[in-house]
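Step one of this worksheet: look at the structure below.
2 protein chains.
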Amino acid sequence: MHKIHRFYKIAAALLLLLSFSLADEGMWTFDNPPKKQLKEKYGFDITQEWLDHVRLSSVRFNDGGSGSFISPNGLVMTNHHVGLGQLQKMSTEKMDYVKLGFYAATQEEEVKCVDLELNVLMEMENVSNKVLGAVKQGMNDKEAADAKKAVIAQLTKESTEKSGLRSDIVSFYNGNEYWIYKYKKFTDVRLVMAPEQQIAFFGGDPDNFTYPRYDVDMCFFRVYENGKPFHSDNYLKWNTAGAQDQELVFVSGHPGSTNRQQTYSQLEFARDYSYPYRLEYIKRMIATLKEYSKLGEEQSRRALVQIFGLENAQKVWKGEYKGLQDAKLMEKKLNEEKTLREKINANPEWKKQYGWAWDSISAAIERSKKYFTRDTYRGLSGRLFSLATIIARYPEQMKKPNGERLPQYQDANIEATKFGLFSRAPIYTDLEKIQLSDRLKQMAEGLGTNDPYVKIVLNGKTPEEAATALIDGTQLGNIDFRKKLFEGGEKEITASTDPMLVLARKIIPFNDETMEWNEKYVTSVIGQAAEAVGKARFALYGKELPPDATFTLRLSYGQVKGYPMNGTIAPSITTMFGLYDRAYSFQNKGDFELPQRYVDGLSKLNLKTPMNFVSTNDIIGGNSGSPVINAKAEVVGLIFDGNIESLPGRFLYSEDLNRAVAVHSGVMIETMRKLYGASKLADEIEGVQPAPEPPKAAPQKSVKPTTKKKK
Amino acid sequence: MHKIHRFYKIAAALLLLLSFSLADEGMWTFDNPPKKQLKEKYGFDITQEWLDHVRLSSVRFNDGGSGSFISPNGLVMTNHHVGLGQLQKMSTEKMDYVKLGFYAATQEEEVKCVDLELNVLMEMENVSNKVLGAVKQGMNDKEAADAKKAVIAQLTKESTEKSGLRSDIVSFYNGNEYWIYKYKKFTDVRLVMAPEQQIAFFGGDPDNFTYPRYDVDMCFFRVYENGKPFHSDNYLKWNTAGAQDQELVFVSGHPGSTNRQQTYSQLEFARDYSYPYRLEYIKRMIATLKEYSKLGEEQSRRALVQIFGLENAQKVWKGEYKGLQDAKLMEKKLNEEKTLREKINANPEWKKQYGWAWDSISAAIERSKKYFTRDTYRGLSGRLFSLATIIARYPEQMKKPNGERLPQYQDANIEATKFGLFSRAPIYTDLEKIQLSDRLKQMAEGLGTNDPYVKIVLNGKTPEEAATALIDGTQLGNIDFRKKLFEGGEKEITASTDPMLVLARKIIPFNDETMEWNEKYVTSVIGQAAEAVGKARFALYGKELPPDATFTLRLSYGQVKGYPMNGTIAPSITTMFGLYDRAYSFQNKGDFELPQRYVDGLSKLNLKTPMNFVSTNDIIGGNSGSPVINAKAEVVGLIFDGNIESLPGRFLYSEDLNRAVAVHSGVMIETMRKLYGASKLADEIEGVQPAPEPPKAAPQKSVKPTTKKKK
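Put into structure tokens, the structure is as follows:
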């Protein structure tokens, strides 16, 4: 699973130190594609037309995934697990889109998503000079950071107004480049087809992040504009023969973040502080959700998507943590850093400009350790608490100049913030209560009941009592109440006695203090120093190496290729035979139970159909749903995961073992046509003109649409 | 693959230090079964009848494998890779039993093996008092060893004469127990059925020692006595439903050797000396054979079985070496040793008797290092050279008293030695030449051309010239020549000018010197010390723990059970779907190419049929071909391999990860009936009385026997 995981991201994901291997490494920005490598290694000439076409066919799912246009009529392909959040939100006790899957045989039957925003990258503008130019001689770290922040807010605002496009300022190469990425925004997105989660996530948590694999992790949406399907000439044509062993393939998508440029001291901090804490925390969250699931079928349904996301993150973190604990990997990183520093120190000018940076980062990290425990245990979560915080901060934030506000309150983002604030997505208060209660318990255990923050939160009650009072007492679950508060502005908000809002107001000063201290003594220091490290690398290598991932559009290249695994070799491509092997090897039970459709439909299928495949493409969470395309920019597959060996890829890429895992284009068409009665959709995807009369009536008729009963 | 590998076994496989885990560990002798563990863990009461029945149904393949009787008419089941040597020996350019497989539809069509000896363990007699009593106060290590050797030869001879059975004296618990194992011997063994090697060894070297797996590694022989099928009431009934997930299962077979009782200094020696050398050597041998294979189809056929055996050994040794390099495993072994020594030293009497033993072993190992390089490079190999050595030593050996001869010349073994000496097995002189030439080259490189041994062997020639002269000049490839020499006795042998025999005669003094030195300063010292270590353990634990494996009949127990693998879980049982997945994942090519029969027969098969499975049984090389039986002693599977995690099992068993891999009884019957037209054999195995008229004529007819064309 390569969906971005939003829980407890380490704040400082910006610091750069590139590894030296060229291999098939790199998530390249579209302004700087790996032309030389492609030419030398694969004999492929990449053209500007090719790049523009692929960029404009690529789609970002703003809640953390990728996708692509695959028909002229706004049809978007992504993963089931990227669409999952929306499927869950549109589900009710009566119709479970997650469990049963869905197919809209006509456009009228397509179902509108609750709060999905898709983006297409229309333009990229380099504004490095403007942003970096804001920093004047003699400014300290904090002043420099503030100066840049102000320019960024201004540029964002101007671009939004001028272009009418969503404009995000993004930085690359440790803050050595700044660009405005301008996106066309779609919010009318409708569900066309989703298989059962059972088959999309076949093998469950055990098989997640492993290969050989047998998942149909696909989901199709249609983008509408002004009530009509969005027409675009930029869409990816389909190749049903699909990915072939050894073939050159590309992935165009939105990798979330990598930490390949972090300094050694940052990796040590991650290994010794962040990961142990995170892993303990997430284990507890999953245990709580699983307890809740046991209460009944509906509870189980409600918890499913959260458990899915948390187990996914847990597996990722365990893999990343394993990488950090790998003495060889750490030694390699240390040696890279030593080499870089030696080269810098060998040049007196460079030494003066950049030589100090690594020690500055180490010192900032040392400082941050002091409050690590306090700050991690103080974190609160839950949807109701988040809503309260967003609303509570609104008056104070809107008084500030645009450039000094927190990002979500800035002019360019306030619409998106409201979109989330007024989402119709259901809130399960029974679940929120259990989770908040456990979190408060953990906080009290970790910090003691004398901690001033804990005192305010518990307010003399036990964790259970406090959680019950907060959740039962708040009206924030009601959209109209939220609207009323928000529209009432400062007066209404500060006067409200809603207990969750009251708590949020009380807590804000603590959080502000923490944030300010961190920004002054940690974040801005690390930011400036990392920029220097990035400059040092720039001085040596220029843009020959790609920047760390930042949830912006990237191109990666690679080859369909097996790898050594488990004492033997993993094939580059699996077949549908393997799906049934894995299912019946586990008695068709539990995580390996097939949807009934697959049991009944076995004899209809060509089991030699390619199912999933691996390639050397360098990807990471956020790339989920990215198309895998061949040299002609035709779809040959759909990224949905990485192998277990790819997880330390956050820190270091290895072409020997690191593999991207994709759904093969063949199995998508095979299952649509033979199991889902979705030949119309398959025709649209394959670009087949519906024949006036079906040439082969008999076999067509034998494929019964089985989706009817599901709606 | 769990066939014994005979190449370069470390001499001292006798030294004992048991690991403490009880788990499902242990290859138990039939006089001391794990009654308590079976009762406590599985609620199973093992009876003497059960043990006798299983023992008398078990068969040893003397060239390094196991088997069992599975019908009252002498039908023996084993692995294809155990029968492989015989299949190769009976093959010619015209009929390749290895490649094409074979099925004898009638008894008349069964093909007699070239030189296969099978043994059944009829009696076990404890002679510990007699052997250990031969050692008198005041004897030194060498004298003690010689005294025991003399008694052993005497006892063997007496038992052979008295019982008429093959009588082997075997020692257990580091020489703390001695038993006579009396075997009924069969030498008229005929091939009944063998599938194509392609399916028996599907996945080739890559999949060897891995799981999930999809092999039909089976082979069936029939034992004859006085020209008629041997009748026995002791045979294992068949259970076609076969092994079930979580079921208690037993393995009765002949594990070759384990080194779990070696001291830490011995493991270090293996890690730092033996394994690096062996791995380098075997790599070179494989490379030579592969070069030879390229010369043509017939050459490729000739080299196939050797390559198979060497690659198998290479994979085993790599796995074992990995275990030795695993710091955690080594630490565990060291801690076990420390604990044992502390307990011994805490008791003044024990300390005096056994406390010295570990240091004595370390010292002997230190001494042995002096000649390690010399002795390893001096080793010569090849079938012609072995024949020459056996013949050359014959006169001198037969003059000695029985007890002082090398084992193969002792009265009890001389028949078996002749059986091998006069075998009709083909000798490929072109291949022998290439291998000898490379070995001489390696020797000259390793020792230099001034080494006296090298001087004699090369005799002033280059390695190629020397090898050519020896192989072209010798007549030992001719059975009649060998017979003439042997029957002519001392006069004929010492007078012969056959160049290979001349070389053997010249080399013997060097080898004798090495052997004597080793016996005096290394082997006998380690032997006595190891016996003391064994006694120390006996003093503490008695026979609660099983002895190391010694290629004698053992019983292991365990459970059909998956395990964590590759970031996910491996199922306990695979299905035939998986066979086709793996084949077509690799485009049905190379190591993953299916026999044509399987391609054509796909639609006839029930692909849900269980194929291979894993269990926690503790086994090792030599167990290949062992039956897997349920609590009722019915066949549910056929051992053929261990998983990659089981390889360090030579030194340490781990129930978490160590798995035995078996062919499921279901797939054997399914393929016999549906692909091989071998319903008659399947009926015999399943105990089905052939109906007077086939009840379902049509489906029976549709399964065409495809073996006819192969003969």
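Heads up: the protein sequence lines correspond to chains U and D, in order. Number 140 in our numbering belongs to position 140 of the first sequence; there are no gaps in the numbering. Number 581 in our numbering belongs to position 581 of the second sequence; there are no gaps in the numbering. Every residue gets a Cβ at the ideal spot worked out from N, C-alpha and C, and that includes glycine.
Span separating the alpha-carbon of Lys-41/D from that of Pro-348/D: Within the second sequence, numbered from 1, the residue matching residue 41/D stands at position 41. Within the second sequence, numbered from 1, the residue matching residue 348/D stands at position 348. If you draw a straight line from the Cα of Lys-41/D to the Cα of Pro-348/D, it comes to about 37 Å.
Distance between Glu-655/U and Phe-422/U (C-alpha atoms, nearest Å): In the first sequence, counting from the first residue as 1, residue 422/U sits at position 422. In the first sequence, counting from the first residue as 1, residue 655/U sits at position 655. Roughly 45 Å separates the two Cα atoms.
C-alpha distance - Leu-657/U paired with Ser-646/U, whole-angstrom precision: Working through the first sequence from its first residue, we reach residue 657/U at position 657. Working through the first sequence from its first residue, we reach residue 646/U at position 646. So the alpha carbons of these two residues sit roughly 7 Å apart.
Ala-660/D versus Phe-250/D, Trp-28/D, Gly-227/D, Val-120/D, residue with shortest Cα-Cα distance: The residue given as residue 660/D occupies position 660 in the second sequence. Ranking the options by Cα distance to Ala-660/D, first place goes to Phe-250/D.
Proximal residues to Lys-112/U (C-beta, below 6 Å), its chain only, five neighbours per side dropped: Counted from its first residue, the first sequence places residue 112/U at position 112. For Lys-112/U, where only same-chain residues beyond five positions count, the Cβ hits under 6 Å are Arg-190.
For Thr-373/D, three-class secondary structure by DSSP: Indexing the second sequence from 1 puts residue 373/D at position 373. Thr-373/D falls in the helix class under three-state DSSP.
Burial state of Asp-45/D (16 or more Cβ within 10 Å): Position 45 of the second sequence, counting from 1, holds the residue named residue 45/D. Exposed is the call here.
From Ala-364/U, Asp-591/U, Phe-172/U, residue whose alpha carbon lies closest to that of Leu-553/U: As a first step, residue 553/U is located in the first sequence; it is residue number 553 there, counting from the start. Measuring C-alpha to C-alpha distances from Leu-553/U to each of Ala-364/U, Asp-591/U, Phe-172/U identifies Phe-172/U as the nearest.
Through-space distance from Thr-240/U to Pro-610/U, alpha-carbon basis: As a first step, residue 610/U must be located in the first sequence, where it is residue number 610. As a first step, residue 240/U must be located in the first sequence, where it is residue number 240. Distance between the alpha carbons of Pro-610/U and Thr-240/U: 10 Å.
Interface positions of the region 563–584 of chain U facing chain D (Cβ-Cβ less than 7 Å), listed along the chain: Listed by position along the chain: Met-565, Asn-566, Gly-567, Thr-568, Ile-569, Pro-571, Ile-573, Thr-574, Thr-575, Phe-577, Gly-578, Tyr-580, Asp-581, Tyr-584.
Alpha carbon of Phe-751/D to alpha carbon of Ser-585/U, nearest angstrom: Outside the shown range of chain D, which is 1 to 711, sits residue 751/D, and nothing can be said about it.
Per-residue burial, Met-565/U [other beta carbons within 10 Å of its own, 16 or more giving buried]: Here residue 565/U corresponds to residue number 565 of the first sequence, with the count starting at 1. With 16 or more Cβ atoms within 10 Å of its Cβ, Met-565/U is classed as buried.
Chain U residues whose Cβ lies nearer than 7 Å to that of Lys-608/D: On the second sequence, residue 608/D is found 608 positions in, with the first residue counted as 1. Using a Cβ-Cβ cut-off of 7 Å, Lys-608/D is close to Tyr-584 of chain U, given in chain order.
Unbroken beta strand (DSSP E) run spanning Leu-248/U, endpoints: If you number the first sequence from 1, residue 248/U lands on position 248. 248–253 is the span of the beta strand (DSSP E), which, as asked, contains Leu-248/U.
Ile-456/U vs Ile-507/U beta-carbon contact at 8 Å: For the purposes of this step, residue 456/U is taken as the residue at position 456 of the first sequence. For the purposes of this step, residue 507/U is taken as the residue at position 507 of the first sequence. Yes, these two residues count as a Cβ contact at 8 Å.
Alpha-carbon to alpha-carbon, Gly-309/U and Gln-475/U: For the purposes of this step, residue 475/U is taken as the residue at position 475 of the first sequence. For the purposes of this step, residue 309/U is taken as the residue at position 309 of the first sequence. The straight-line gap separating the alpha-carbon atoms of Gln-475/U and Gly-309/U is approximately 27 Å.
Any non-hydrogen atom of the ligand ADP closer than 7 Å to Ile-479/D Cβ: Only the bare structure without any ligand can be found here, which leaves the ligand ADP out of the picture.
For Val-457/U, the three-state DSSP class (helix, strand or coil): Counting from 1 along the first sequence, the entry for residue 457/U is found at position 457. Residue state, collapsed to three classes: helix.
Same chain only: Cβ atoms within 7 Å of Ala-277/D, ignoring 5 sequence neighbours per side: Start at 1 with the first residue of the second sequence, and residue 277/D comes out as number 277. Per the sequence shown, the amino acid found at residue 277/D is Tyr instead of Ala. Around Tyr-277/D: Thr-376.
Proximity below 8 Å, CB of Asn-606/D to CB of Glu-670/D: Locating residue 606/D in the second sequence gives position 606, counting from the first residue. Locating residue 670/D in the second sequence gives position 670, counting from the first residue. Less than 8 Å separates the beta-carbon of Asn-606/D from that of Glu-670/D.
One or two residues paired with Ser-68/D in a DSSP bridge: Translated into positions along the second sequence, residue 68/D becomes position 68. BP columns for Ser-68/D point to Ser-58/D, Met-77/D.
Near-chain U residues of the region 642–654 of chain D - C-beta to any C-beta below 7 Å: From the region 642–654 of chain D, only Ile-644 have a Cβ closer than 7 Å to chain U.
Identity of the residue in Ala-467/D, Tyr-409/D, Lys-157/D, Ala-532/D nearest Ala-444/D by Cα: Taking the second sequence and counting its residues from 1, the one referred to as residue 444/D is at position 444. Among Ala-467/D, Tyr-409/D, Lys-157/D, Ala-532/D, the Cα nearest to that of Ala-444/D is on Ala-467/D.
Selected residue, minimal CA-CA separation from Glu-405/U, among Arg-393/U, Tyr-235/U, Ala-104/U: Working through the first sequence from its first residue, we reach residue 405/U at position 405. The question names Glu, yet the displayed sequence has Arg at residue 405/U. Residue nearest to Arg-405/U within the set Arg-393/U, Tyr-235/U, Ala-104/U is Arg-393/U (criterion: CA-CA distance).
First through last residue of the alpha helix (DSSP H) which encompasses Ser-423/D: Here the question's residue 423/D lines up with position 423 in the second sequence. Run containing Ser-423/D: none; DSSP gives neither H nor E here.
Start-end ranges of the alpha helix (DSSP H) lying completely within the region 563–650 of chain D, minimum 4 residues: Counting only unbroken stretches of 4 or more residues, the alpha helix (DSSP H) elements lying wholly within the region 563–650 of chain D are 576–585, 596–600, in sequence order.
Whole-number beta carbon distance between Asp-205/U and Lys-315/U, since they are thought to touch under 8 Å: For the purposes of this step, residue 315/U is taken as the residue at position 315 of the first sequence. For the purposes of this step, residue 205/U is taken as the residue at position 205 of the first sequence. Contact between Lys-315/U and Asp-205/U holds: CB atoms are separated by about 7 Å, below the 8 Å threshold.
Residues bridged to Glu-125/U [DSSP beta-bridge criterion]: Within the first sequence, residue 125/U is the residue found at index 125, counting from 1. Per DSSP, Ile-180/U.
Cβ distance (whole Å) where Val-663/U is taken to contact Met-218/U below 8 Å: Within the first sequence, numbered from 1, the residue matching residue 663/U stands at position 663. Within the first sequence, numbered from 1, the residue matching residue 218/U stands at position 218. Val-663/U to Met-218/U, Cβ: 6 Å. Contact.
4 or more residues per run - each alpha helix (DSSP H) lying fully within the region 128–214 of chain U: Runs of the alpha helix (DSSP H) inside the region 128–214 of chain U: 128–133, 141–163, 197–200, 204–207.
Segment limits, beta strand (DSSP E) that includes Gln-559/U: The residue labelled residue 559/U in the question sits at position 559 within the first sequence. Looking at the DSSP string, the run of the beta strand (DSSP E) that includes Gln-559/U is 554–559.
For His-53/D, the residue or residues it bridges with in DSSP: Against the second sequence, residue 53/D aligns to sequence position 53. DSSP links His-53/D through a beta bridge to no other residue.
Backbone CA spacing between Ser-524/D and Gly-477/D [nearest angstrom]: Looking up residue 524/D in the second sequence gives position 524. Looking up residue 477/D in the second sequence gives position 477. Rounded to the nearest whole angstrom, the C-alpha separation of Ser-524/D and Gly-477/D is 37 Å.
Between the CA atoms of Arg-213/D and Met-500/U - distance to the nearest angstrom: One-based indexing of the first sequence puts residue 500/U at position 500. One-based indexing of the second sequence puts residue 213/D at position 213. Spanning the alpha carbons of Met-500/U and Arg-213/D requires a straight line of approximately 57 Å.
With 16 other Cβ atoms within 10 Å as the buried cut-off, status of Thr-550/U: Numbered from its first residue, the first sequence carries residue 550/U at position 550. Label assigned to Thr-550/U: buried.
DSSP bridge partner residues for Asn-119/D (one or two, in chain order): Taking the second sequence and counting its residues from 1, the one referred to as residue 119/D is at position 119. Answer is Arg-60/D, Lys-185/D.
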